[in-house]
Structures are given as structure tokens and as C-alpha cells.
Amino acid sequence: MALDSDIVHALAVTTQGESVSARSAAASPSADGPSAGRPPRAREPERSGLADLVSALVDLRDLGKETRFALPLPSAERATAVAAAMVGQLDDYLLPRLDRLDAPLLVVVGGSTGAGKSTLVNSLVRTPVSPSGVLRPTTRAPVLVCHPTDMSWFAKANVLPSLTRTSGASSDARTLQVVSAQALSPGLALLDAPDIDSVVDANRQLASQLLAAADLWLFVTTAARYADAVPWGMLRTARNRGTAIALVLDRVPGGGAADEIGPHLTGMLQEQDLGGVPLFILPEARLDSQGLLSEAQVAPLRDWFGKLARSAEARAAVVRQTVGGAVDALTMDVGVLASAAEDQVTAAKSLDDAVRGSYRAAASSVEQGIHDGALLRGEVLARWQELVGTGDIMRALQARVGRARDRVVAAVTGRPAPGERFQEAIGSGLAILLKGAATDAAERAGAAWKAHPAGTALLTAAPNLTRPSDDLDERIARLIRDWQRSVLDLVRSEAGDKRVLARASAYAVNATGLLVMVSVFAATAFIPTGLEIVVAGGTTVTAQKVLEAIFGDQAVRSLAARARQDLLERVTALFDEEAGRYRSALAGAGIDDDYAGRLRAASTAVQLARADVRLEPQK
């Protein structure tokens with residue numbers, strides 16, 4: 197039985213919350229057929245408001261197609277599904293429907309497994325157009341039945357353009373069988389959809405796609421399963437999207453069961469804010485030889501559909517309610533997508549901060565190692581003592597004759613000069629310090645990424661990130677050579693002043709550079725500190741005095757500070773290159789910092805355009 201026969205009131209006023217007040221009425225729909233491609237951006241002047249809405253929806257659709265959440269965050273999976281559903285509904289329903297608001301009404305018949313959907317469709321058109329039976333799932337490919345005069349609209353890829361049209365039965369879920377039935381009233385079509393709770397994933401997904409393309413959802417459930425969770429979840433989705441809904445309670449046993457079940461189901465509908473949904477109750481009955489219900493059983497529902505099909509006002513109310521609700525629901529979809537996009541940016545920043553922090557710590561450890569004099573031990577100390585204890589450093593500071601003598605000795609003995617051995621020792625110690633810090637930084641950054649779901653996925657694709665780059669040793673060696681040359685350049689530059697040059701002309705720049713290098717790694721002063729170096733202190737003081745005599749006390753301090761700063765800047769650049777491997781992996785994921793903002797701007801444009809088009813049903 198139909199609990200509400202006033203079609204316009206029952207369908208147009210289904211509770212969906214407050215609708216946006218229209219500021220101007222929509223003009224009469226165009227008689228032209230829809231474009232198979234991109235909806236037109238411009239229309240005749242009387243449809244300019246609708247054209248603006250279509251344009252804004254197309255822009256939002258294009259943005260939705262760009263959706264790609266590279267980092268596997270909890271919000272990404274849901275948002276990806278929401279984006280696909282949003283784009284699908286825009287392509288399958290909203291854009292085609294807005295192109296032809298007066299096109300025939302599409303009623304999608306959905307429900308649970310074995311609810312009798314196909315039997316109901318067949319019975320309404322009085323011929324078995326959709327297969328029915330006990331095998332599950334029965335409906336594998338959707339079947340659309342319409343009046344012969346409406347075939348031209350549905351046989352073309354207007355609504356549901358992704359489904360290939362066929363005229364015969366098919367088992368391919370990506371096809372849409374379109375058949376005509378004279379018994380069905382013009383202006384209204386029925387689409388038999390797969391089960392919403394099918395055991396086949398593809399069937400469930402197709403059912404959701406078809407329901408999103410409906411002007412009206414006809415939900416079919418049974419007396420035994422009307423309280424199942426899945427149908428109610430779909431009904432809530434329809435309610436939230438403002439879709440027009442009607443409900444069929446099938447296979448209600450006799451003996452007063454209808455009097456018991458009917459009020460209970462009505463109460464459940466009211467609890468879900470669906471109290472205005474038309475409800476039809478079909479008693480349990482034997483099917484005829486064609487597997488159809490009797491005409492008397494389906495007459496109330498058939499008459500109700502007939503009145504709906506014949507009333508342009510009622511059809512328009514259904515279309516405008518569903519379209520308006522679908523457009524308004526896009527705001528919620530965009531919110532999900534924008535929030536997920538912001539999660540991507542936040543996660544990327546967190547991963548980037550972890551890398552920056554790891555390599556900043558590495559640079560700090562090197563700076564500490566330079567300042568605390570730790571390098572002036574071991575091999576470096578031995579070479580320094582060799583220089584100072586034998587007086588070689590002072591000889592190296594003498595006139596060019598001394599330098600020439602050292603070169604002759606080195607050539608005869610085949611051994612490098614003491615200054616060269618000391619310089620090599622400093623370079624070796626510094627290389628060990630830099631390599632250790634870079635290794636620690638790579639491991640710390642890797643550990644931080646492994647603790648993050650997004651970082652784990654990136655490391656799986658680039659496992660080498662957790663260790664230093666293969667050419668790091670070579671780059672460290674080059675850094676040290678370049679820095680040591682720069683120290684000599686500093687000495688030459690400082691000696692460039694004429695008065696200083698006059699005093700320094702008798703001294704070797706290289707030896708002076710060695711003393712400056714020592715000062716770089718001293719803790720608080722030019723002279724190395726600690727018990728290990730005390731033995732060299734006297735001669736070192738002499739060397740410092742020589743430098744002060746050449747450059748002056750303040751200039752000596754300035755040379756050491758500048759050389760130290762130069763070294764630290766080179767180390768920072770080296771570690772930035774190492775951290776860049778992580779940043780490249782992150783950048784390669786393709787995270788768009790502006791995507792959330794562009795989505796929200798597109799949604800705002802849609803809502804502004806929607807406010808200028810009267811889509812809510814008239815009261």
C-alpha cells in the first residue's frame with residue numbers, strides 16, 4: 197500500500213536539512229540533447245546561471261580527477277574513494293542532468309541480495325527484461341528499461357557514459373543493457389542494479405555508482421531483512437545527499453504481519469529522518485509462469501510511478517531535489533579531500549623536519565668536534581709534536597732558502613715534509629669526523645621515517661637513504677682539500693697589505709697556513725690545550741708570536757675565526773646535499789601544497805553558482 201499519494205509533496209519535501217534559498221529562477225531547460233564531451237561553458241542568456249554552475253562543477257570535476265594522495269596516511273584511502281565517487285557522480289549524473297533538466301527520470305532500483313528487485317522491475321513492465329532466480333548474485337550487469345519514446349536518450353552515453361550500451365543480456369558489469377517496454381510510462385525509466393551487499397566487490401561498487409546516478413532511489417527490502425545494516429547505511433547516504441527516495445517492503449507474510457512490521461519500519465524511518473519517504477508494502481505471493489507478481493499486487497506502485505511520469509511538475513521536483521542535494525553534498529566531499537590533502541602536507545613537513553633536524557644535529561656535532569680540540573689528538577698530535585719538537589715548523593717559517601732546503605730533503609729521502617704529514621693528518625681526522633656525523637644523520641633520519649607510515653613507504657622505495665651516499669668519501673676529501681687551499685688564500689689575502697707583506701715576505705705562506713689550521717681546532721685559544729699537547733707548548737707559543745709579529749694579534753684571531761666559519765659553511769653545504777636525497781624522495785612523491793586551497797576555492801565557486809540557480813523543490 198502507498199502511504200502517501202501526493203507525489204509532489206512526498207518526493208519534493210523529503211527532509212534533507214535547510215536548502216540554499218534561490219535568488220533567481222532557473223529558465224526552461226533546453227530542448228537540445230546533451231553533448232557527449234565536455235559540457236558547454238556558455239549558454240543562451242536565460243541559462244547563464246545554470247551555465248555558471250555547470251562551469252564551476254566542471255572545474256571541480258577536473259580537480260577531483262587530479263586527486264593523488266602519494267603518502268599512505270589513514271585519511272588517504274577514504275579520500276581516494278570519495279574523490280572517485282565525486283568525479284563519477286559528476287560525470288554519470290550531475291553534468292548530464294544539468295545539461296537536460298527535462299530528460300526522462302531515472303529510477304534506480306537497489307537493495308540487498310534476494311530482495312526481489314529484478315522480479316519487481318519485471319512485474320512493473322509486465323515482461324521478464326531482467327533475469328531473476330535463486331542464484332546469487334542474479335543481476336551481474338545492470339538492466340535499464342524505458343518507454344520506446346525515451347530510448348534515444350538512454351541508448352546514448354548521456355547518463356552513465358562509462359558503461360557500454362548493449363541491447364542484449366550481458367555478464368559484463370561494465371555494460372548497460374537498455375531495453376524498451378511499452379507498459380512503462382514515457383518520461384520514466386527503471387534501472388535494475390546489482391546487490392548493494394553482493395559477495396562480488398565489483399558488483400557492490402557498481403551498485404553504488406548506479407545509485408549515485410539516480411534521480412530517485414527505489415530501495416527494495418524484505419520483511420525478513422528490513423533491519424539489516426547495509427540497506428540503512430545506503431539510505432542514510434541517500435538522505436545526506438538529498439536524493440529522492442521511495443521504499444518497497446517486499447514479501448510480507450500474511451496473518452497480520454503487515455500490521456506489525458509496517459509501524460516498526462515506519463518508526464525506523466522516522467528515527468533516521470526519513471519519515472516522509474513513500475513506503476509500499478507487497479505481500480508474499482506466488483509468481484506466475486513468467487516469474488512476475490500479479491498486476492494487482494504491483495498496481496499501487498505502478499500507478500504511483502505513472503502519475504510521477506505524467507506530471508512534469510512532479511518530475512521537476514524530483515530532479516531539482518536530487519540535483520540540489522547532490523550539489524550541496526559536494527561541499528562535504530571537498531571537505532574530506534581537502535582535509536586529506538592537508539594531512540599529506542603536514543606529514544611531508546613532519547618528515548622533512550625530521551631530516552633537517554638530523555642533519556642539523558650532524559652539523560652541530562662537527563662544530564663541537566672542531567671547537568673542543570678533539571681533532572688535535574692521535575695522529576694529528578703526533579705530527580704536530582714532530583713539527584714543533586724538531587723545530588721544523590720554525591724552519592718552515594724561515595726565508596725561501598729554508599723552504600728550498602726542505603724540498604731538497606724530501607726529494608732525496610722520498611718522504612713528505614713534516615708540514616705535509618701534519619696537513620694530511622688534519623685532513624684524515626676531519627674526514628673521519630665528517631663521515632661519522634653523516635652516517636649518524638642518515639640513520640637518525642631513516643629511523644624517524646620508519647616510525648611514520650608515510651616515511652616507511654618512501655624508504656621501501658629508496659632503502660639506500662638510511663646510509664650515506666656512495667660518493668660521500670670523495671666529496672669529503674674534495675671539501676677538505678678545498679678548505680685547506682682556502683686557508684692559504686686567507687693567509688695570502690691577509691698578507692696583501694703592504695706593511696704586513698713587508699714583514700711576511702721572509703716567511704712561508706704554507707707554514708703560516710698550518711698554524712692557522714691548528715688554531716681552527718683549538719678549544720679557546722690558538723694554542724692546542726690538554727695534557728697531550730703540553731710538551732709542544734713552548735715552541736707553539738713561539739710560533740704564535742711569529743704569527744702575531746707578521747699579522748698582529750687581532751688579525752691572527754680573525755684568520756682563525758674566518759677559517760673556522762668557512763669550514764663550517766662547507767660542512768653545512770655537504771650535509772645539505774646528503775639531506776637532499778631524502779628531500780628528493782619526498783618531492784618525488786608529488787605532494788601538492790596548494791591542492792587543498794584550490795579544492796576549497798572550487799567548492800566555493802560551486803556553491804556561489806548554485807545559490808543563483810533554483811534547484812530546491814517548490815513548496
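So the sequence shown is numbered by the numbering used here: it starts at 197 and just counts up by one.
Don't be surprised by glycine CBs; every beta carbon is placed ideally from N, CA and C.
Limits of the alpha helix (DSSP H) - the one that residue 561 falls within: Per DSSP, residue 561 belongs to the alpha helix (DSSP H) from 508-567.
Burial state of residue 268, where buried means 16 or more other Cβ atoms lie within 10 Å: Residue 268 comes out exposed.
Residue 292 versus residue 383 - alpha carbon distance: Between residue 292 and residue 383, the C-alpha separation is close to 16 Å.
8 Å Cβ cutoff met for residue 414 and residue 303: Yes, the Cβ-Cβ distance between residue 414 and residue 303 is below 8 Å.
At least three beta-carbon pairs within less than 8 Å, the region 387-398 to the region 279-295: No, they do not touch.
Rounded C-alpha distance that separates residue 783 from residue 791: One C-alpha to the other measures close to 15 Å.
Buried/exposed call for residue 685, threshold 16 Cβ in 10 Å: Exposed, by the Cβ-count rule.
Proximity to residue 369 [Cα-Cα], best of 391, 805, 425, 639: Cα-wise, what sits closest to residue 369 is 391.
Segment contact flag, the region 748-758 with the region 790-804, C-beta cutoff 8 Å, min 3 pairs: The answer is no - the region 790-804 does not touch the region 748-758, with fewer than three Cβ pairs under 8 Å.
Uninterrupted beta strand (DSSP E) stretches inside the region 413-454 (no shorter than 3 residues): Those beta strand (DSSP E) runs which fall completely within the region 413-454 and span 3+ residues are 440-448.
Cα-Cα separation, residue 351 to residue 247: Those two C-alpha atoms are separated by around 25 Å.
Per-residue DSSP class, three states only, for residue 622: Looking at residue 622 - three-state DSSP - the assignment turns out to be helix.
Residue 307, DSSP secondary structure in three states: DSSP places residue 307 in strand when its eight states are reduced to three.
For residue 263, the three-state DSSP class (helix, strand or coil): Of the three classes helix, strand and coil, the one that applies to residue 263 here is coil, per DSSP.
Sequence-distant residues of its chain with Cβ nearer than 7 Å to residue 548 (five each side left out): The answer, listed in chain order, is 779, 782.
Buried versus exposed, by CB contacts within 10 Å (16 or more), residue 607: The pLDDT assigned to residue 607 is 40, lower than 50, so where the model puts this residue is not dependable; a value taken from the coordinates is nonetheless given after this. Counting the other Cβ atoms within 10 Å of the Cβ of residue 607 gives fewer than 16, which makes it exposed.
Limits of the unbroken alpha helix (DSSP H) element including residue 672: Run containing residue 672: 668-690, per the alpha helix (DSSP H) assignment.
Assigned exposure category for residue 437 - 16 Cβ within 10 Å defines buried: Residue 437 comes out buried.
Endpoints, alpha helix (DSSP H) assigned at residue 796: Taken as a continuous stretch (DSSP letters only), the alpha helix (DSSP H) holding residue 796 covers 791-807.
Inter-residue CB distance, residue 448 and residue 313 (contact presumed, cutoff 8 Å): That pair is no contact at about 16 Å.
Status (buried if at least 16 other CB within 10 Å, exposed otherwise) for residue 363: Exposed, because fewer than 16 other Cβ atoms sit within 10 Å of the Cβ of residue 363.
Buried/exposed call for residue 231, threshold 16 Cβ in 10 Å: Confidence is the limiting factor: at residue 231 the pLDDT is only 37, short of 50, which leaves the residue's position unreliable, though a coordinate-based value still follows. Exposed, because fewer than 16 other Cβ atoms sit within 10 Å of the Cβ of residue 231.
CA-to-CA distance, residue 551 to residue 195, given in whole angstroms: Missing from the structure shown is residue 195; the chain here goes from 197 to 815 and no further.
8 Å Cβ cutoff, residue 504 in contact with chain D: Annotation note: the requested chain D is absent from the structure, which comprises a single protein chain.
According to DSSP, residues forming a beta bridge with residue 339: Residue 339 has 373, 388 as its beta-bridge partners, per DSSP.
Cβ shell of residue 402 (< 6 Å), same chain only, five flanking positions each side left out: Once the five neighbours on either side are set aside, the close Cβ partners of residue 402 are 369, 390.
Close beta carbons around residue 638, own chain, < 8 Å, minus the five adjacent residues each side: Excluding residues within five positions, the ones whose Cβ falls inside 8 Å are 554, 661, 662, 663, 664, 774.
Which listed residue (525, 710, 306, 505) has its alpha carbon closest to that of residue 385: For the set 525, 710, 306, 505, the Cα lying nearest the Cα of residue 385 is the one of 505.
Beta strand (DSSP E) segment containing residue 479, residue limits: Boundaries of the beta strand (DSSP E) harbouring residue 479: 475-479, taken from the DSSP string.
Burial state of residue 667 (16 or more Cβ within 10 Å): With a 10 Å radius around the Cβ and a threshold of 16 neighbouring Cβ atoms, residue 667 comes out exposed.
Spatially closest choice to residue 542 from 308, 651, 806, by CA coordinates: Per the Cα distances, 651.
Helix, strand or coil at residue 322 [DSSP, three-state]: Correct three-state label for residue 322: coil.
Span separating the alpha-carbon of residue 673 from that of residue 770: Residue 673 and residue 770 have their C-alpha atoms roughly 11 Å apart.
Neighbourhood of residue 252 by C-beta, 6 Å cutoff - its chain only, sequence neighbours within 5 removed: Cβ neighbours of residue 252 beyond the five flanking positions: 801, 802, 805.
Reduced DSSP secondary structure (H/G/I, E/B, other) of residue 361: Three-state result, residue 361: strand.
Buried versus exposed call for residue 810 [16 or more other C-beta atoms within 10 Å across all chains shown]: Answer is buried; the Cβ neighbour count reaches 16.
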